[in-house]
Amino acid sequence: MSASTYPYLFATLGEAAHQLPDDIACALETTLTATQAANAPGGPTLLDCLQRIRQVEAADGQPWPSKGRTQAQCMAMARIDRANAGLTFLLELLHASERVRVDGDDAQQLGDDAREGLLLACRGLSEYVDVQLQAA
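Written as structure tokens, this is what we have:
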């Protein structure tokens, strides 16, 4: 099974598509192709977006500029960019929740479990950025 034989299946599942039996892969590809054709005239489709994301799309939706980097380095840089954008948003949300905790109404406050979840998500993303930096 190859990405050129089943482009929509690989755009949807990535390398996991290799684990499918050929008859199931063929049926899924046929379904995805029909869905793609039915949705194409109106604008971007889910599969278009998945393919662009897999082609090293950064947080701004554009491909990461190569500037002499390898494809793997561009992928790592795009992942760092996306993770950093997510981390920045989570930290802003955590900061706002802290201000509301100190100065806001009780009804507007996040619970301790939500704040803990935000902290854990921030930690996870920052650790992921570190891993990607090592790859870049």
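Quick note: the sequence shown uses my numbering, first residue 336, plus one each step.
Idealized CB from N, CA, C, for every residue including glycine.
Rounded C-alpha distance that separates residue i from residue j
{"i": "Arg387", "j": "Ala418", "result": "17 Å"}
{"i": "Gln408", "j": "Ala394", "result": "16 Å"}
{"i": "Arg404", "j": "Pro398", "result": "13 Å"}
{"i": "Asp441", "j": "Leu355", "result": "51 Å"}
{"i": "Tyr463", "j": "Thr368", "result": "34 Å"}
{"i": "Gln469", "j": "Ala413", "result": "14 Å"}
{"i": "Leu424", "j": "Asp383", "result": "The question names Leu, but residue 424 is Phe in the sequence shown. Each residue's alpha carbon lies about 25 Å from the other."}
Nearest-angstrom Cβ-Cβ length linking residue i and residue j, presumed shorter than 8 Å
{"i": "Leu460", "j": "Leu422", "result": "4 Å"}
Chain C contact for residue i (CB, 8 Å cutoff)
{"i": "Asn419", "result": "In the displayed structure, chain C is absent; only one protein chain is listed."}
N-terminal and C-terminal residue of the alpha helix (DSSP H) that residue i is part of
{"i": "His430", "result": "Gln406 to Asp438"}
{"i": "Asp465", "result": "Asp447 to Ala470"}
{"i": "Leu381", "result": "Leu381 to Arg389"}
Beta-carbon proximity check, residue i vs residue j, cutoff 8 Å
{"i": "Gln444", "j": "Arg436", "result": "yes"}
{"i": "Ala360", "j": "Ala352", "result": "yes"}
{"i": "Ala471", "j": "Ile415", "result": "yes"}
{"i": "Arg389", "j": "Gly349", "result": "yes"}
{"i": "Arg450", "j": "Ser432", "result": "yes"}
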